[in-house]
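For reference, the structure discussed in these notes is given below.
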Amino acid sequence: MPSRSAASVSSSARAAHRSVRQFSAIAIAAALAVSLAGCAVGPNYQRPSTPMPASYKEAPQGWKVAQPSDQFDRGAWWTIYNDTRLDDLETRLNQSNQSIAQYAAAYRQARALVGEARAAYFPTIGASASASRSGTGAGNRSTASSSFGQQGSINNQFSLSLDATWEPDLWGSIGRTVNAQKAGQQGAAADLANARLSAQATLAQTYFQLRSLDAQQRLLDDTVAAYQQSLKLTQNQYAQGIVARSDVIQAQTQLQSAQASAIDNGIARAQYEHAIAALVGEPASTFSIPPIPLDATPPTVPAEMPSAILERRPDIASAERKAAAANEQIGIEIAAYFPSLTLSAQGGFESSVLSQLLRAPSRFWTLGPDIAATIFDGGLRAARTDAARAAYDQNVATYRQTVLSAFQNVEDNLASLRILEREIVVQQQAVESAQQALAIINNQYKAGTVAFISVLTAQTTAFTAQQKLANIAGQRMVSSVGLVKALGGGWDAGQMDRETGGVEAPSAASAPSAAATSVAQKPAV
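Now the structure itself:
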């Protein structure tokens, strides 16, 4: 008996020693995996360089040029126009515009994808439990002596186990996936901000165009009233035999043309009103804006613009973040060249008797690493890497073109405002001259010194001058809003509170580097 006990103890000791050695080997492998997890392959991202002019050609003296990013808030920029009706419409747009809601949902999706990518950093742990009962007939027995009446066997099996698997990020593939999704989230936030800014600017421009049509409608109504007076005067003179019948017909024609123009003006106004209804998320059939003629001038653009103005354009931020995500994809494809390591462990209890399931003799466990590598794939990984590099180059070109287009937008609207400011002064003088000429010719016609055709010409000239003045006033407001949009949402840094409906602001982009912006052609470990 003592010898058997000693042998049993010795066997248990050897088993325990083997277990310790196996566990130590796995622990060493895990430690090595953790130490290698910080090694990432592929190029590190550097924001692509972009051409930066020294100054705006069309800008007032004192303007500065900025490096584009999206680090400043844009806020309720439309309040610079001091129009309470516009303020109310913009508020309704921010709450109900469906295009904005679409981009807000896309942002939430991008944020969820970041969490999905981060989950790969952690092990996957599962649990399972099973119970089975099986039986065999007497004919299935292997012994030849089985008799016909011999009873078959019935077996019960119960198990309860936990399993865990973990793939350490040896080559940075998981880290780059997380970074790519983060860049995607930041890009989605910028897309949302851009959609909001575009909708806000479109609403403001449409609103001012509608108000310009209201001003033209008032002009047309006044013109119709004036032409009616002219027709009445001509009819009286015809009744007295002073003028010919042709003068009456010409006066009627002029009046009817003005009336037709007044009616036609309503078509464009109705379309603008319907467009505003769609922007604020309301059916056009239940939405209306009372006619109020435009009586506003663009706010003065300050001579000293903060250097961060153009930096707030969300479309530039979105394009830059897409380039960053494309760069991370290159590292993900390069990581596929290297072997992967998976650590797995399983342990639990297994017994044929339920009452003994959780006892020590019923326990079991397995632990071990799994290393896998692709030896031949027919050029699949190389093709995917080349595709990732091409996608990065495409996004870099898009980013640079977006920056160039941004400068074009600013220059276009600056030029428009500058030219329209000069034009409206001259046009106001033209209106005054035309009205003076009309007054003189009316007096001459009443005195019988000029023909009625001279009155018609003077009236047409005065109306055309006034109509053009109203058009220029509307164009100035539209260009003013265009400049606000081109600058990323205004220029008053004191009122720039972000209004993105709870959307987080994108993080600052990677700092520009003097190094070449082309993607590295070799993996960097």
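The numbers in this note's numbering rise by one with no breaks, and the one at position 67 of the sequence shown is 576. Even glycine gets a Cβ: it sits at the ideal position worked out from N, Cα and C.
Checklist entry - In the structure shown, what three-state DSSP assignment does arginine 868 receive? => result Reading the sequence shown from its first residue, position 359 is the one you call residue 868. Coil at arginine 868, not helix or strand.
Checklist entry - Assuming proline 802 contacts arginine 727 under a Cβ cut-off of 8 Å, what Cβ separation, rounded to an integer in Å, is found between them? => result Counting from 1 along the sequence shown, the entry for residue 802 is found at position 293. Counting from 1 along the sequence shown, the entry for residue 727 is found at position 218. Right, the Cβ-Cβ distance comes to about 5 Å (below 8 Å), so this counts as a contact.
Checklist entry - Does the Cβ of glycine 551 have 16 or more other Cβ atoms within 10 Å, making it buried, or fewer, making it exposed? => result The residue you call residue 551 lines up with position 42 of the sequence shown. The residue in question, glycine 551, is buried, as its Cβ has 16 or more Cβ neighbours within 10 Å.
Next on the checklist: Checking 9 Å against the spacing of the C-beta atoms, do glycine 983 and arginine 594 come in under that value?
Outcome noted: To locate residue 983, count along the sequence shown from 1; it is residue 474. To locate residue 594, count along the sequence shown from 1; it is residue 85. In this structure, arginine 594 does not lie closer than 9 Å to glycine 983 by Cβ.
Next on the checklist: Which of the three DSSP states is assigned to asparagine 836 in this structure?
Outcome noted: Here the question's residue 836 lines up with position 327 in the sequence shown. Helix at asparagine 836.
Next on the checklist: Considering only the alpha carbon of each residue, which of Thr894, Ala771, Leu598 and Leu712 lies closest to isoleucine 843?
Outcome noted: For the purposes of this step, residue 843 is taken as residue 334 along the sequence shown, with counting starting at 1. Nearest of Thr894, Ala771, Leu598 and Leu712 to isoleucine 843, Cα basis: Thr894.
Checklist entry - Taking the continuous alpha helix (DSSP H) assigned at threonine 762, which residues delimit it? => result Mapped onto the sequence shown, residue 762 falls at position 253. 754 to 788 is the extent of the alpha helix (DSSP H) around threonine 762.
Item to check | CB-CB length for asparagine 591 against valine 789, believed under 8 Å | outcome: Numbered from 1 along the sequence shown, position 82 holds the residue referred to as residue 591. Numbered from 1 along the sequence shown, position 280 holds the residue referred to as residue 789. Contact doesn't hold; Cβ gap of about 20 Å is too wide.
Checklist entry - Once you ignore the five residues that flank serine 770 on each side, which residues in its own chain have a CB closer than 7 Å to its CB? => result Start at 1 with the first residue of the sequence shown, and residue 770 comes out as number 261. Answer for serine 770: Leu729, listed in chain order.
Next on the checklist: On a Cα-Cα basis, can you pick out the residue from Ala699, Ala960, Lys977 and Gln765 that is closest to lysine 831?
Outcome noted: For the purposes of this step, residue 831 is identified with residue 322 of the sequence shown, where counting begins at 1. When only C-alpha atoms are compared, the closest one is Ala699.
Item to check | Cross-strand partners of leucine 850 (DSSP beta bridge) | outcome: One-based indexing of the sequence shown puts residue 850 at position 341. In the DSSP output, where bridge partners are listed per residue, leucine 850 has Ile880.
Item to check | Same chain, Cβ closer than 6 Å to proline 808, neighbours up to 5 away in sequence not counted | outcome: Working through the sequence shown from its first residue, we reach residue 808 at position 299. Contacts found: Ile589.
Item to check | Distance between beta carbons of isoleucine 981 and valine 964, contact taken as under 8 Å | outcome: Taking the first residue of the sequence shown as 1, we reach residue 964 at position 455. Taking the first residue of the sequence shown as 1, we reach residue 981 at position 472. 26 Å between Cβ atoms; not a contact.
Checklist entry - What is the C-beta distance between serine 853 and aspartate 886, in whole angstroms, given that I count them as a contact (C-beta under 8 Å)? => result For the purposes of this step, residue 853 is taken as residue 344 along the sequence shown, with counting starting at 1. For the purposes of this step, residue 886 is taken as residue 377 along the sequence shown, with counting starting at 1. Not confirmed; about 25 Å, so no contact.
Next on the checklist: Is the beta carbon of leucine 602 closer than 9 Å to that of leucine 712?
Outcome noted: Position 203 of the sequence shown, counted from the first residue, corresponds to residue 712. Position 93 of the sequence shown, counted from the first residue, corresponds to residue 602. Contact: yes.
Checklist entry - If we call anything under 9 Å between Cβ atoms a contact, is glycine 840 one with glycine 681? => result To locate residue 840, count along the sequence shown from 1; it is residue 331. To locate residue 681, count along the sequence shown from 1; it is residue 172. Yes.
Checklist entry - Would alanine 784 pass as a contact of threonine 715 if the rule is Cβ separation under 9 Å? => result The residue you call residue 784 lines up with position 275 of the sequence shown. The residue you call residue 715 lines up with position 206 of the sequence shown. A contact, by the Cβ cut-off of 9 Å.
Next on the checklist: Beta-carbon within less than 6 Å of glutamate 625's beta-carbon, same chain only, minus the 5 sequence neighbours each way: which residues are those?
Outcome noted: Against the sequence shown, residue 625 aligns to sequence position 116. Excluding sequence neighbours, glutamate 625 sits near nothing in its chain.
Item to check | Residue closest to phenylalanine 717, alpha-carbon to alpha-carbon, out of Ala734, Arg685 and Ala805 | outcome: Residue 717 sits at position 208 when you count from the first residue of the sequence shown. The shortest Cα separation from phenylalanine 717 among Ala734, Arg685 and Ala805 belongs to Ala805.
Next on the checklist: Could you tell me the alpha carbon to alpha carbon distance between alanine 892 and arginine 898, rounded to whole angstroms?
Outcome noted: If you number the sequence shown from 1, residue 892 lands on position 383. If you number the sequence shown from 1, residue 898 lands on position 389. Each residue's alpha carbon lies about 10 Å from the other.
Item to check | Assigned exposure category for lysine 691 - 16 Cβ within 10 Å defines buried | outcome: For the purposes of this step, residue 691 is identified with residue 182 of the sequence shown, where counting begins at 1. Buried: at least 16 other Cβ atoms inside 10 Å.
Item to check | Opening and closing residue of the alpha helix (DSSP H) in which isoleucine 933 lies | outcome: Taking the sequence shown and counting its residues from 1, one reaches residue 933 at position 424. Where isoleucine 933 is concerned, the enclosing alpha helix (DSSP H) stretches over 889 to 955.
Checklist entry - Run through DSSP, which three-state label would arginine 1035 get? => result Missing from the structure shown is residue 1035; the chain here goes from 510 to 1034 and no further.
Checklist entry - Between the beta-carbon of serine 643 and the beta-carbon of leucine 669, is there less than 9 Å? => result Start at 1 with the first residue of the sequence shown, and residue 643 comes out as number 134. Start at 1 with the first residue of the sequence shown, and residue 669 comes out as number 160. Result no, Cβ atoms of serine 643 and leucine 669 do not sit closer than 9 Å.
Item to check | Neighbour-count burial assignment, aspartate 731, 16 or more Cβ in a 10 Å radius | outcome: Reading the sequence shown from its first residue, position 222 is the one you call residue 731. Classification of aspartate 731: exposed, given that the 10 Å Cβ count is below 16.
Checklist entry - Which whole-angstrom value describes the C-beta separation of phenylalanine 961 and glutamine 759, a residue pair presumed to lie in contact below a C-beta threshold of 8 Å? => result What you label residue 961 is simply residue 452 of the sequence shown in a count that begins at 1. What you label residue 759 is simply residue 250 of the sequence shown in a count that begins at 1. Right, the Cβ-Cβ distance comes to about 6 Å (below 8 Å), so this counts as a contact.
Next on the checklist: Taking the beta strand (DSSP E) that aspartate 672 belongs to, which residues open and close that run?
Outcome noted: Taking the first residue of the sequence shown as 1, we reach residue 672 at position 163. From DSSP, the beta strand (DSSP E) with aspartate 672 extends over 662 to 675.
Item to check | Between the CA atoms of leucine 679 and alanine 882 - distance to the nearest angstrom | outcome: Position 373 of the sequence shown holds residue 882. Position 170 of the sequence shown holds residue 679. Approximately 13 Å between the Cα atoms of the pair.
Checklist entry - By DSSP, does arginine 642 sit in helix, in strand, or in coil? => result Here residue 642 is taken as the residue at index 133 of the sequence shown, counted from 1. Of the three classes helix, strand and coil, the one that applies to arginine 642 here is strand, per DSSP.
Checklist entry - Taking DSSP as the reference, what is the three-state secondary structure of threonine 806? => result By 1-based counting over the sequence shown, the position of residue 806 is 297. Note: threonine 806 maps to coil in three-state DSSP.
Checklist entry - Assuming serine 864 contacts serine 871 under a Cβ cut-off of 8 Å, what Cβ separation, rounded to an integer in Å, is found between them? => result On the sequence shown, residue 864 is found 355 positions in, with the first residue counted as 1. On the sequence shown, residue 871 is found 362 positions in, with the first residue counted as 1. At roughly 10 Å, the Cβ-Cβ gap does not stay under 8 Å, so serine 864 and serine 871 are not in contact.
Checklist entry - Where tyrosine 616 and leucine 701 are concerned, what is the direct C-alpha to C-alpha distance, given to the nearest angstrom? => result Along the sequence shown, read from residue 1 onward, the residue named residue 616 stands at position 107. Along the sequence shown, read from residue 1 onward, the residue named residue 701 stands at position 192. Rounded to the nearest angstrom, the two C-alpha atoms are 7 Å apart.
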